[in-house]
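Trainee: Those sequence lines, one after another, are chains H and L. My numbering applies: residue 17 is where the first sequence begins, and numbers increase by one. My numbering applies: residue 164 is where the second sequence begins, and numbers increase by one. Every residue, glycine too, gets a C-beta built ideally from N, C-alpha and C. None of these values were measured; they are calculated from a predicted model. I have a structure here, written as structure tokens, and I will follow up with some questions on it.
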Amino acid sequence: MIFKFANPNKFLRISKFLFPYFNVFFLISFVYGLYLSFFNSPPDYLQGETVRIMYIHVPCAWFSLMLYSSIAICGFFSLVFRHTLADIAIRAIAPLGACFTIATLITGSIWGKPTWGTWWVWDARLTSELVLLFLYVGIISLSNAFESKSKGDKYAAMLSLVGIINLPIIKWSVDWWNTLHQPASISKFSSPSIDTVMLIPLFVMTLSFLFLSLNIIIIRIKSEILQRKIDILNSSKIN
Amino acid sequence: MKKKNKRLKTLLLFLVPIFTGATIIFYNLKDNMVFFYSPTEILDKSDEIKSFVRLGGMVKKGSVSKENTFFNGANVEEVSFIITDFKNEIEVKYIGILPDLFKEEQGVVVQGNIDEMKVMRATEVLAKHDENYMPPEIEAIESIKEKINDI
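This is how it looks when you write it as structure tokens:
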């Protein structure tokens, strides 16, 4: 079932159809989300206006984890089933995930100064998120470290699978250890600790980040597929 | 199909020991991964903890007071307050700027040395906030509800 969609040409066809829709969804949800976050949501009872950083920081953090999980899933399919599309997807997703991680760290730092009183502390949550950035950088550089692309793909996939160990640590660090970072607000769907009027902008922003990520990934996968086709043509010409 | 099974087996043989090892390491590091200790933990371990330590808990209601003292030849304001985990409490003295979110009955993490009188001489005070976010009006309603429940 999955393998039917793992065909690069099929991917190109489906993504070409979806791309414009995703673009429209992204634009609408991004503009509406920013309007809600900055103009149409209340300040927090404790933090005041500073709470608006949450609408950027939290989706970035979620996607930094989600994109890593998708890289690891691709790594599994690449190593066991040798799917070219999975190799391509790892190369396409890794830089985007790294960007989200950097955005999480920077916005978190800007949020930390006025609320906690410090830009950075070495508590478990912040440190494990920094380790996630190093994992992304490792995957990107490993996949480009070898003469042959397939060798780079293989080692990057292996590193992505080893790095899974960091995901539960990031997620539950705030519950397992004493940290300066507060525990998760939306771990329980029935009664989140965020009031509804603040939950809606957060949800809309997350949606816009989802469509943005999907489209960036589609563009990157497409160009990588084309690049590989060019490489094949070039090598056959020489021979 | 057989080749795939073999690759899956190799992958598992590679990953399972790594994950098991990491789990064991993190499980045993438990006490060393904490960012701060509670007052109870500090009083229990007061013989081991001699120097620089982080202490976290709630600022006790009505415990914050300010007085003028001499520090490095200048007349400065010293803040003192009590950190509690509702079992034990430790007094903290601090000279410096407090974060905006520093309030009574709010979480706080302080860094410093504990003297022989069991008083914390803090060099840094960080505010810790919880996972609840709500507009001020809702907070007012919630606190009224709590007061009614108390009666």
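From this set, L:I260, L:I187, L:I311, L:E204, which residue's C-alpha is nearest L:I246's C-alpha?
Mentor: For the residues L:I260, L:I187, L:I311, L:E204, the minimum Cα distance to L:I246 belongs to L:E204.
Trainee: Output the residue ranges of the alpha helix (DSSP H) runs that lie fully inside the stretch 62-148 of chain H and measure 4 residues or longer, sorted by chain position.
Mentor: If we require 4 residues or more, the alpha helix (DSSP H) runs fully inside the stretch 62-148 of chain H come out as 70-97, 100-131.
Trainee: Taking its Cβ as the centre, do 16 or more other Cβ atoms sit within 10 Å of H:M17, making it buried, or is it exposed?
Mentor: Summary for H:M17: the model assigns pLDDT 45, below 50, so the residue's position carries little reliability, and this model does not support an answer.
Trainee: Under 7 angstroms: does the beta carbon of L:S226 sit that close to some heavy atom of the ligand PLP?
Mentor: Because no ligand of any kind appears in the structure shown, any question about the ligand PLP cannot be addressed here.
Trainee: With L:V271 and L:E287 assumed to form a contact (beta carbons below 8 angstroms), what rounded beta-carbon distance in angstroms separates them?
Mentor: That belief does not hold up - the Cβ atoms of L:V271 and L:E287 are roughly 11 angstroms apart, past 8 angstroms.
Trainee: Quick one: residues in its chain with C-beta nearer than 8 angstroms to the C-beta of L:F189, no 5 flanking neighbours on either side, listed in chain order?
Mentor: The residues are M196.
Trainee: Is it buried or exposed for H:T117, if we count other Cβ within 10 angstroms and need 16 for buried?
Mentor: The residue is buried, with at least 16 neighbouring Cβ atoms inside 10 Å.
Trainee: Just by C-beta distance, which residues in the stretch 269-302 of chain L are closer than 9 angstroms to chain H?
Mentor: So the close ones are Q269, G270, V272, E287, V288, L289, A290, K291, H292, D293, E294, N295, Y296, M297, P298, P299, E300, I301, E302.
Trainee: Are the stretch 180-194 of chain L and the stretch 172-183 of chain H touching, with three or more C-beta to C-beta distances below 8 angstroms?
Mentor: Yes, the stretch 180-194 of chain L touches the stretch 172-183 of chain H.
Trainee: In whole angstroms, what separates the C-alpha of L:I304 from that of H:I126?
Mentor: One C-alpha to the other measures close to 30 angstroms.
Trainee: With a threshold of 8 angstroms between beta-carbons, can H:Y171 be considered close to chain L, or not?
Mentor: Closer than 8 angstroms: no.
Trainee: Checking contacts by CB at 8 angstroms: is H:G133 closer than that to chain L?
Mentor: Cβ-Cβ to chain L under 8 angstroms: yes for H:G133.
Trainee: For a test of the three-state rule: what should DSSP assign to H:M17, helix, strand or coil?
Mentor: Residue confidence is low: H:M17 scores 45 on pLDDT, short of 50, so the model does not pin down where it sits. Its coordinate-derived value is still stated next. Here H:M17 sits in coil by DSSP.
Trainee: What are the residues of the stretch 210-225 of chain H that lie near chain L, defined by any Cβ-Cβ distance shorter than 8 angstroms?
Mentor: If the cut-off is 8 angstroms between Cβ atoms, the stretch 210-225 of chain H has I210, D211, V213, M214 near chain L.
Trainee: Tell me whether H:T120 is buried or exposed, calling it buried when 16 or more other Cβ atoms sit within 10 Å of its Cβ.
Mentor: Buried: at least 16 other Cβ atoms inside 10 Å.
Trainee: Quick one: Cα of H:F35 to Cα of H:S94, how far?
Mentor: Approximately 25 angstroms, taken between the alpha carbons.
Trainee: What's the C-alpha gap between L:K266 and H:K238?
Mentor: Roughly 53 angstroms between the two C-alpha positions.
Trainee: Report the rounded CA-to-CA distance for H:L4 versus H:N160, giving the unit in angstroms.
Mentor: As shown, chain H starts at 17 and ends at 255. That puts residue 4 of chain H outside it, with no answer to give.
Trainee: Just checking: is the beta-carbon of L:L218 within a distance shorter than 8 angstroms of some beta-carbon in chain H?
Mentor: No - not a single Cβ of chain H is within 8 angstroms of the one on L:L218.
Trainee: Tell me, please, whether the CB atom of H:L196 is closer than 8 angstroms to any CB atom in chain L?
Mentor: Yes, contact with chain L.
Trainee: For H:Y84, which residues in chain L fall below 7 angstroms Cβ to Cβ?
Mentor: Near H:Y84 there are no residues of chain L at all, since even the closest Cβ is about 16 angstroms away, more than 7 angstroms.
Trainee: What do you get for L:S306, buried or exposed, if any count of 16 or more other CB atoms within 10 angstroms of its CB means buried?
Mentor: Label assigned to L:S306: exposed.
Trainee: Using C-beta distances below 7 angstroms, list every residue in its chain close to H:I202, excluding the 5 sequence neighbours before and after it, in chain order.
Mentor: Result list for H:I202: P208, I210, in chain order.
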